[in-house]
Every structure is written in C-alpha cells, then in structure tokens.
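*Asks:* Protein sequences appear in the order of chains A and B.
To convert a position in the first sequence, counted from 1, into the working numbering, add 265.
So that you can map any letter, position 284 of the second sequence is 279 in the working numbering, and since no number is skipped, the others follow by simple counting.
Beta carbons are placed, not taken as given, at the ideal position from N, Cα and C, and that holds for glycine.
The structure displayed is predicted, hence computed values, not measured ones.
I have a structure I would like to understand better, so I am pasting it below and will then ask my questions one at a time.
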Amino acid sequence: MTAMQILFLGVGIAAVLSAMLVVTVRNLIHAALWLVVTLFSVAITFVLLDAGFLATVQVVLYIGAIAILIIFGIMLTRRVMMSDVGPQVNASWWLGALLSILLFATVTWVVLQMDWPSLPTTDLSMTLNELGHSLVDPDKYVLPFELASIMLIVALIGAIAIAWPGKESQ
Amino acid sequence: MMPQFDVGNIGAYLYELIGWSLSLLGIQASMITFIQKLVGGLVLVNFVLLTPIFTIWLERKFLARFQDRLGPNRVGPYGLFQSFADVVKLITKEDITPAGADKVVYNIGPVLSVVSVIGIWTVIPFASTMVGANINVGILYSVAIGALGTLAIMMGGWSSNNKYALLGAFRTAAQLVSYEVPLIVALLVPTMLAGSMGMNDIVEAQSVWFIISAPIAALVFLVASIAEVGRTPFDLLEAESEIVAGFHIEYSGMKFGLWMLGEFAHAFTISALTAVLFLGGWRGPLVDQFPILGIFYFLAKTYFVYLFTLWIRVTLPRIRIDQMNDLNWKFLVPLSLAMLVMMSVVYKAVPSGVSEAIRSLVLFSANLALIVASLGLLARASRKLQVAEQVNIDMSRARAPANLSALQILLLALGAVAFLAIFVIATQLVLGLTT
C-alpha cells in the first residue's frame, strides 16, 4: 500500500466517523464542530484527488463562512444549548433506518457494477484557468453565473431592507 | 545517484540528499517522497514557531526605543535571552482549566489558532526553488487557512464557560469576519496583475513591484491584515488597559502562551505575505545566479514590513468599536471595491504591447487619482461634520445618510435588478455577436 492510499483511507474513515458524530452527539456546539471536521476531511480528499481549487473553496465557504454562521446561530439562540432536549429519535426512526440502508445498498451495488472508465491523462495544472474561462463563456455558463450574481445582489439588498431601522424607531 | 552540491540551491540539494540516503536503505520510492516532505514540513514549522522568540525581543526593544526606554536589557547581551526566560516562565506556570469548561474544545482552541498561522507558510516562497507547495490557488489557500483562526477563537471563547470570554469571542469574530472583506478584495489585485493565484507566479510577475502599480491595494491589504491580527490600533478586542482580556481570559500558562504565539506568528506572517504579494518576494539583484540569495531578500523585506507595522503600533492610539466598524464598512470596503473596478478597467485599457514600466506608471497614476478623489471626499465629509458640530445639530442625524423609506428601498432593489438584467442581456448580445 502506498503512502497515498494510507492517507486516503485515514481521511475517509475520519470523514465518515465525524459525519456520524454530527447527528449522534447531544451537544449542539459539538455537533457543529464535528461538522467542521467532516468538511475538512472532504477538503483533504479533494486535495488527494488533485482538485486543489475545490479543496480551498470547500474550506473558505463551508468552514470559513457556513460553519462559523451555524456556530454563531447556535450560540446566539436562547435555550437551544440546554442538555434536556428530549429523545433523539421519533416514532418513524425505523423508516429512516430502512431508507438509509436501502440507499447505502443501492450506492454500493452501483459502485460495484459500474465499469469505471480510467481518467484521461491530461494536464491538471491549467484546470483553474479553464474554469474561469467557462464561467464567462457565452457558450458555457455565463447565464447561470450572472443569474447567481443577481440572486446574491437581491439577497444583499433584502438583508439591508430588513435590517434598516426605519423612521418609527427614531 | 548522489546529488551534486550547489551553493546557490542548497535547499534542493539537502532535499535530494535526504532522498538519496534513504534510497540507500532500500525504502520504497513513494515512502521516500513522503519522508522528504515530512522533514521539509518539520523545518518549516520550526522556523515559524521559533521566529516569534526573536521577534518578541525585537518588538519590545523597538517599541522601547520609540518610547525613550531601554527595553529588556538584563538577560543576556542586549536582553536577547529575555524571551527564553519568558517561555520558561509560561511553561512552568500552573495550568488552570475553569470549572464547567468544555475540556477538549478548550484545549484544541489555542492549538488550532497556531495551526492556522503555520498553514499559511506552506505556500509562501522563500526563494524561487524553496517553497513548501507551489499550488496554483496559493492566495485562496492562505485565506482558507486563515478562516480556521476565527473558528479557533470561537472555540476558545465558548468553551471557557465564562460570559466575558464568550462576549470577547463575539467581538473578535465580528472584527475578523468584517475585515476579511476588504482583505480579499485587495488580494484580487495581485491575482489580476499576475494572472495567477500561485504565490511563486505572483513573485515572478513582479519585474516591477506591485506596490508601484497597486499602492491602494497594498495599503488596504496591510490595514486589513493588521486588523486581522488584532494589534494596535485594532487591539480593542483585548485592550489591556480597559478590560482584562478578550476571549482568552480564562487561559493560563502555556495555553495562554499559545494564543500569544499565534498572534506574534500571525503578525510576522502578514508581513511575509505583504512582502511576497507587493514587494517582490525573493526578487533582488543576482538572484538568477544564486537562488539562495532569495531567502535573504525575502526575509529583509519581511522584516522591513514587520518594523513598519510596529511603527504603526507605537504611533496610533487604540480605536473604539464604532470607529472600527466605520473604518471598515464606510471607508475600506467602498475604497477597495472602487479600486478593483478602476484597476481592472485601466489594466485592460493599457494595450498589451507596452513595456512593464509604462504599464505600472499608468496604473500608479490611476491609483494616485483615486487617492486624491477619496481624500477629497473625506475632507468634504469632515467639513460637513464640523459645520454640524458648530450649529449643534444632532450628531447622529448629520453622520447617518438620509433615511430611506421601504418604498425607496424597493425601488432601489428593482432598479439594481433591472440594471443587472440589462447588463447580462447586453453582454450576451455583444459576446454572441463577436464569437
């Protein structure tokens, strides 16, 4: 086994275990921190697959922004951190278990059945430039890209409009 | 095969030597690469961890001279061993964990804060051939790893089971998150000028240092970085003379030492980043023949920027939290956005055939025009404020812009959406016609 494979196995196990802990630990802050571990493990997996850009974006967006936001939200919400939060499962737990087992079985079956094509040996160092070009190429993704920017602008202005104190409060 | 000794390229020589001697022991090739990288990483980490021992002494001595004092002068020649004495003191102090603290999170916090700083050094090029990992997303990576520092502070503040520590963590996180905005916008400028996010490519593109073609970006980057580190004038988060401490109030002994180590190493790291991104990194005379000289140039520039930040630190008073927010959202963010638009337009307007010097000169004069314009705007705003003070109008109304009604905001939003839609359709048409 090469050093790469050992690393991959370790990171994969860490990702799965921490993902399980996210939903099983009782303390919400701990769940959020385990989520950070999961996301970081996925980022390392991206690095091992030569997808450096995806890995860094994963860390910037999911850990640097979303995880911090979740932790902020938990810390600023009253009564959410109390230890007595009731049972962790409700009456239909068996349905969830059945569905997840079915999903796992299906994915495993597909992975084993699939005749995986080998990767074309291309130069991976310029993929970042290609990504940038395709985002502003009219034949590719310029429309979704611009639509996403409009959505973000609308969300920003909406946030300002909601947070604006207004005349009555002064 | 035994590698050739080359004094100009000693880092690569040592790296090859390790690989060669391991191959004599009959170790697998992939394992040898792994061990080589491990050793390289160990050297890098120790460099980052040991540098603060020197820079803390430098900082205390430098600050003392500014304040007409002598500074540390008892332990060793010129007080050089003072930091070692401090380290021994910190290690031997009692390590207290507050009652009700979340022990694991409490202990991981300071370690993560140091890790987030060390991680940045992975992509910083010491010389053209001496860089931890020359990845093509170097700048984005440094931002990503820096984000872990915010997480560490939240962990430390929350797990201490102390409401003042939690409040301190919130204040710190608010400052770090808001100053990340102008920081990242300023980082876009060297990326654009070099056409790459790799640190080594950016250094190689600086035949004219980027501080000449992008002085505003350099200034915004330095100011936002100092705020990220939380040093004076941005040290309101742990102001010693007003509050006891911020998020790390419950930490003692070497765990407190780790927070301090993280801060000092971070201060050195932002100086190194400024040197790499705007001052030409390892570039200097004779560096083509002897790449090892790059380390000297890089460290010289880094220490120059470091002493510059110390100079700022002793000169400026601490700012209040409203001033901290105003400076960011009302000055740095609009300035950096205007600068980004201006830079990209001027950069594209200069024909590609002209020499690097002329291009830099054009960009420099455009920056100068923007500086004059923003100074003029600031002067106007301050005159307005002075008038308002004289006629004794309610200050808050004079400072805040006119209140907008909900209808006006709605119209503004609709206008922005309409403008963007027209822009998208226009670009689609133009691009569709030209391709």
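1. In angstroms with no decimal places, state the Cα-to-Cα distance between Val325(A) and Ala413(A).
2. What residues are listed by DSSP as bridge partners for Pro312(B)?
3. Please list, in chain order, the residues of the stretch 27 to 54 of chain B that have any C-beta partner in chain A closer than 8 Å.
4. To which residues does DSSP link Pro469(B) through a beta bridge?
5. Would Arg315(B) be called buried (16 or more neighbouring beta carbons within 10 Å of its own) or exposed?
6. Classify Trp299(A) as helix, strand or coil using the three-state DSSP reduction.
7. Could you tell me the boundaries of the alpha helix (DSSP H) in which Val132(B) lies?
8. Check whether chain B comes within 9 Å of Ala296(A), counting only Cβ atoms and requiring the distance to be less than that.
9. Do Phe121(B) and Phe293(B) have their beta-carbon atoms positioned less than 9 Å apart in this structure?
10. Which residues in chain B sit within 8 Å of Ala332(A), going by Cβ to Cβ distance?
11. Over what stretch of residues does the alpha helix (DSSP H) that includes Lys158(B) continue unbroken?
12. Under the three-state reduction of DSSP, which class applies to Lys405(A): helix, strand or coil?
13. Distance cutoff 9 Å, beta carbons only. Does Ile336(A) sit that close to anything in chain B?
14. Can you name the residues of chain A whose CB is closer than 7 Å to the CB of Tyr136(B)?
15. Gly317(A) CB to nearest chain B CB: under 9 Å?
16. Rounded to a whole number of angstroms, what is the C-alpha to C-alpha distance between Gly71(B) and Gln77(B)?
17. Just checking, does the stretch 203 to 216 of chain B make contact with the stretch 103 to 120 of chain B on the three C-beta pairs under 8 Å criterion?
18. Determine whether the Cβ of Ala160(B) lies closer than 9 Å to any Cβ atom of chain A.
19. Taking Trp153(B) and Met340(A) to be in contact with their CB atoms under 8 Å, please state how far apart those CB atoms are, rounded to whole angstroms.
20. Compare the C-beta of Val214(A) against all C-beta atoms of chain B and say whether one is closer than 9 Å.
21. List the endpoints of the continuous alpha helix (DSSP H) containing Val328(B).
22. Assuming Trp254(B) is part of the alpha helix (DSSP H), what are its boundary residues?
23. Excluding the 5 residues flanking Ser283(A) on each side, which residues of the same chain have their C-beta closer than 6 Å to its C-beta?
24. Quick check on Glu237(B): does DSSP put it in helix, strand or coil?
25. Have a look at Leu274(A) and Val340(B) and give me their C-alpha separation to the nearest angstrom.
26. Mark Val288(A) as exposed unless 16 or more other C-beta atoms lie within 10 angstroms of its C-beta, in which case mark it buried.
27. Rounding to the nearest angstrom, what Cα-Cα distance links Pro286(B) and Asn129(B) in this structure?
28. Taking 9 Å as the threshold (beta carbon to beta carbon), is Leu282(A) in contact with chain B?
29. Tell me which residue opens and which closes the alpha helix (DSSP H) that Leu274(A) is part of.
30. With 9 Å set as the bound, which would you pick, yes or no: does the beta-carbon of Val100(B) sit closer than that to a beta-carbon of chain A?
31. Grouping DSSP H, G and I as helix and E and B as strand, with all else coil, what is Gly193(B)?
32. If distances are taken between C-alpha atoms only, which option among Met319(B), Asn102(B), Leu330(B) comes closest to Gly225(B)?
33. Helix, strand or coil: how does DSSP classify Val307(A) here?
34. List the residues of chain A whose Cβ lies closer than 8 Å to the Cβ of Ser25(B), in chain order.
35. For a minimum of 3 consecutive residues, which ranges assigned as the beta strand (DSSP E) are wholly contained in the stretch 278 to 322 of chain B?
36. Under 9 Å, Cβ to Cβ, is there at least one residue of chain A near Phe216(B)?
*Replies:* So, to answer that:
1. Straight across, the Cα-Cα distance linking Val325(A) with Ala413(A) is about 18 Å.
2. Pro312(B) is not bridged to any residue.
3. Answer in chain order: Thr28, Phe29.
4. Within the shown structure, residues of chain B are numbered from -4 to 430, placing residue 469(B) beyond reach of any answer.
5. Classification of Arg315(B): exposed, given that the 10 Å Cβ count is below 16.
6. Reduced to three states, the DSSP call for Trp299(A) is helix.
7. No alpha helix (DSSP H) holds Val132(B); DSSP gives it neither H nor E.
8. Not an interface residue.
9. It is a contact, given that the beta carbons lie within the stated cut-off.
10. Correct list: Leu146.
11. Taken as a continuous stretch (DSSP letters only), the alpha helix (DSSP H) holding Lys158(B) covers 158 to 189.
12. In this structure, Lys405(A) counts as coil in the three-state DSSP scheme.
13. Yes, because at least one Cβ of chain B sits closer than 9 Å to the Cβ of Ile336(A).
14. For Tyr136(B), the C-beta contacts it makes with chain A under 7 Å involve Thr321, in order along the chain.
15. Chain B, which has a Cβ nearer than 9 Å to the Cβ of Gly317(A), makes this yes.
16. So the two alpha carbons sit approximately 7 Å from each other.
17. No: the two stretches stay apart, fewer than three of their Cβ pairs being nearer than 8 Å.
18. Interface residue (Cβ-Cβ distance to chain A less than 9 Å): Ala160(B) is not classified as such.
19. Going by Cβ atoms, the distance from Trp153(B) to Met340(A) rounds to 6 Å, so yes, they are a contact pair.
20. With chain A covering 266 to 435 only, the question about residue 214(A) has no answer from this structure.
21. Looking at the DSSP string, the run of the alpha helix (DSSP H) that includes Val328(B) is 328 to 344.
22. Secondary structure note for Trp254(B): its alpha helix (DSSP H) is the uninterrupted segment 248 to 273.
23. Counting only Cβ-Cβ distances below 6 Å, and skipping sequence neighbours, we find Trp299, Val302, Thr303.
24. When secondary structure is reduced to three states using DSSP, Glu237(B) falls in the coil class, being assigned neither helix nor strand.
25. Leu274(A) and Val340(B): Cα-Cα distance of roughly 48 Å.
26. Counting Cβ neighbours within 10 Å, Val288(A) comes out exposed, since fewer than 16 surround it.
27. Counting only the Cα atoms, Asn129(B) lies some 16 Å from Pro286(B).
28. So, not an interface residue.
29. Taken as a continuous stretch (DSSP letters only), the alpha helix (DSSP H) holding Leu274(A) covers 268 to 289.
30. Yes, Val100(B) counts as interfacial toward chain A.
31. In the three-state scheme derived from DSSP, where H, G and I count as helix and E and B as strand, Gly193(B) is classed as coil.
32. Distance check between Gly225(B) and each of Met319(B), Asn102(B), Leu330(B) places Met319(B) closest, using alpha-carbon atoms only.
33. The answer is helix: DSSP assigns Val307(A) an H, G or I state.
34. Result: Thr267, Ala268, Met269.
35. Taking 3 residues as the minimum length, the stretch 278 to 322 of chain B contains no beta strand (DSSP E) run wholly inside it.
36. Cβ-Cβ to chain A under 9 Å: no for Phe216(B).
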